[in-house]
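Visitor: My questions will all concern the structure given below.
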Amino acid sequence: MNKKALLVISFGTSYKDTFEKTIQAIEEDLKTAYPDHDFFRAYTSRRIIKKLKARDGIAIDLPAEALEKIREMGYEEVLCQTTHIINGFEFELTVKDLLPYSKDIQIKMGSALLTSHEDYLGAVEAVMGSIPPLKEEEALILMGHGTYHHANAAYPCLDYVFKSEGHTNVYMGSVEGFPYIDDVVKQLKKQSQIKKLYLMPFMVVAGDHALNDMAGDEEDSWKEVLKNQGYEVEIIMKGLGELEGIRKIFVEHSQKASSLQP
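See below:
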């Protein structure tokens, strides 16, 4: 009987409480879906791996390191599932790092959260199901990470899907790519009835970006920028990994995982 491994690959987090609610919750759903696979974890952030080792003595592998161990332990099949939001730099680098091992092991790789149109619809449903119904004078602002990779197009696409599904008071922004917070403010100004804003991270983990760039007290945080525009602001500090509908999409992607070919 073939030895099978499940490798769940995340950016990572150094916050224990949000790890348990998000990354670990996704891992548990995947473990439940594959009871005949042995579980392994990897992070793509060297900074977080280094911090966990120095602060807590916790050792977490990079994806290639984990796969090397899996190979040495005699596994013949490995299912890799990322918990990244988009198929951007982190996803591409992970595939590149894992590709050489496909000569020795059968490797399948599941895609990031926002890949197909159905994924966008599922994400919209999951987010809207996790918040109270928006009143006419309220809006939801979502903070994505953003990137200069072309996969950043996923964020304005998601904004469009929210609106095409009837959620006209939902706005997608990102920290490091379009639409920026200034772009979001421009759109908000066109809706004169909006007085109150809910701010929520569109990230698997509610970590540094959510705590500081979104909800921090510095004048350039999204919370302060929007308050200075005259809006009442309420924070929803919840990572996407806490939402069952989001975790379901990752499980579905693992079931559709494609083989890596050397």
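In terms of full-length UniProt numbering, the sequence shown opens at residue 1 and continues consecutively. Every residue, glycine too, gets a C-beta built ideally from N, C-alpha and C.
1. What does a CB cutoff of less than 6 Å around G144 pick up in its chain, not counting 5 residues either side in sequence?
2. Return the first residue and the last residue of the beta strand (DSSP E) that F40 is part of.
3. On the DSSP bridge list, what partners appear for V233?
4. With G122 and I249 assumed to form a contact (beta carbons below 8 Å), what rounded beta-carbon distance in angstroms separates them?
5. If I measure Cβ to Cβ from V124 and keep anything under 6 Å in the same chain, skipping five residues before and after, which residues do I get?
6. Under the DSSP definition of a beta bridge, which residues are partnered with C80?
7. Please go through the same chain and pick out, in chain order, the residues whose beta-carbon is closer than 8 Å to the beta-carbon of E65, but skip the five residues on each side of it.
8. Return the chain-ordered ranges of every alpha helix (DSSP H) run that is complete within the stretch 117-182 and spans a minimum of 4 residues.
9. Return helix, strand or coil for D29, following the three-state DSSP convention.
10. Among T82, I107 and A126, whose alpha-carbon lies nearest the alpha-carbon of L243?
11. With C-beta atoms as the reference, is W222 less than 8 Å away from L199?
12. Within 10 angstroms of the Cβ of P35, are there 16 or more other Cβ atoms? Answer buried if so, exposed if not.
13. Use the C-beta contact count for F91: other C-beta atoms within 10 angstroms, 16 or more gives buried, fewer gives exposed.
14. If I follow the unbroken alpha helix (DSSP H) through I58, where does it start and stop?
15. Can you name, in chain order, every residue of its own chain whose Cβ lies under 8 Å from the Cβ of I194, other than the five neighbours on each side?
16. Between H84 and the rest of its own chain, which residues show a CB-CB distance below 6 Å, the 5 nearest in sequence each way excluded?
17. To the nearest angstrom, report how far apart S45 and K135 are at their CA atoms.
18. Measure the Cβ-Cβ separation of A206 and T18 and say whether it is below 8 Å.
19. Whole angstroms are fine: how far does the CA of I58 sit from the CA of L114?
20. For the alpha helix (DSSP H) that contains S14, what are its first and last residues?
21. DSSP puts S258 in a beta bridge; with which residues?
22. Using only the alpha-carbon positions, how far apart do A151 and D119 sit?
23. Does the count of Cβ pairs from the stretch 95-107 and the stretch 64-78 closer than 8 Å reach three?
Guide: To lay it out plainly:
1. The count along the sequence shown starts at 1 and reaches residue 144 at position 144. A distance below 6 Å between beta-carbons, with the five flanking residues on each side excluded, links G144 to the following residues of its chain, in chain order: Y155, S174 and F202.
2. Counting from one through the sequence shown, the residue named residue 40 turns up at place 40. For F40, the enclosing beta strand (DSSP E) stretches over residues D38 to Y43.
3. Numbered from its first residue, the sequence shown carries residue 233 at position 233. L197, per the DSSP bridge assignment.
4. Within the sequence shown, the letter at position 122 stands for residue 122. Within the sequence shown, the letter at position 249 stands for residue 249. The distance from the Cβ of G122 to that of I249 is about 5 Å, consistent with a contact at the 8 Å cut-off.
5. Here residue 124 refers to the residue found at position 124 when the sequence shown is read from its first residue. Closer than 6 Å at Cβ, skipping near neighbours: V161, F162 and E165.
6. Counting from 1 along the sequence shown, the entry for residue 80 is found at position 80. C80 pairs with L7 and M109.
7. For the purposes of this step, residue 65 is identified with residue 65 of the sequence shown, where counting begins at 1. Same-chain partners within the cutoff: A42.
8. As far as the stretch 117-182 is concerned, its whole alpha helix (DSSP H) runs of at least 4 residues are 117-128 and 154-164.
9. Counted from its first residue, the sequence shown places residue 29 at position 29. Helix, per DSSP.
10. Walking along the sequence shown from the start, residue 243 turns up at place 243. Here the closest residue by C-alpha is A126.
11. Within the sequence shown, residue 222 is the residue found at index 222, counting from 1. Within the sequence shown, residue 199 is the residue found at index 199, counting from 1. In contact: W222 and L199 (Cβ atoms closer than 8 Å).
12. For the purposes of this step, residue 35 is taken as residue 35 along the sequence shown, with counting starting at 1. It counts as exposed.
13. Position 91 of the sequence shown holds residue 91. Looking at its Cβ environment, which holds 16 or more other Cβ atoms inside 10 Å, F91 is buried.
14. Locating residue 58 in the sequence shown gives position 58, counting from the first residue. Where I58 is concerned, there is no enclosing alpha helix (DSSP H), because DSSP gives it neither an H nor an E.
15. On the sequence shown, residue 194 is found 194 positions in, with the first residue counted as 1. Apart from the 5 residues on each side of it in sequence, I194 sits with its Cβ closer than 8 Å to the Cβ of E137, E138, A139, N169, L188 and Y231 in its chain, given in chain order.
16. Here residue 84 is taken as the residue at index 84 of the sequence shown, counted from 1. Shown here for H84: same chain residues with a beta carbon closer than 6 Å to its own, the five before and five after excluded, namely E90, F91 and A112 in chain order.
17. In the sequence shown, the residue the question calls residue 45 occupies position 45. In the sequence shown, the residue the question calls residue 135 occupies position 135. Rounded to whole angstroms, the gap between the alpha carbons of S45 and K135 is 39 Å.
18. The residue given as residue 206 occupies position 206 in the sequence shown. The residue given as residue 18 occupies position 18 in the sequence shown. For the 8 Å CB-CB criterion, A206 and T18 form a contact.
19. If you number the sequence shown from 1, residue 114 lands on position 114. If you number the sequence shown from 1, residue 58 lands on position 58. Rounded to the nearest angstrom, the two C-alpha atoms are 30 Å apart.
20. On the sequence shown, position 14 is the one that residue 14 refers to. No alpha helix (DSSP H) contains S14, which DSSP labels as neither H nor E.
21. The residue labelled residue 258 in the question sits at position 258 within the sequence shown. According to DSSP, S258 bridges with M109.
22. Mapped onto the sequence shown, residue 151 falls at position 151. Mapped onto the sequence shown, residue 119 falls at position 119. A151 and D119: Cα-Cα distance of roughly 15 Å.
23. Per the Cβ contact rule, the stretch 95-107 is in contact with the stretch 64-78 (3 or more Cβ pairs under 8 Å).
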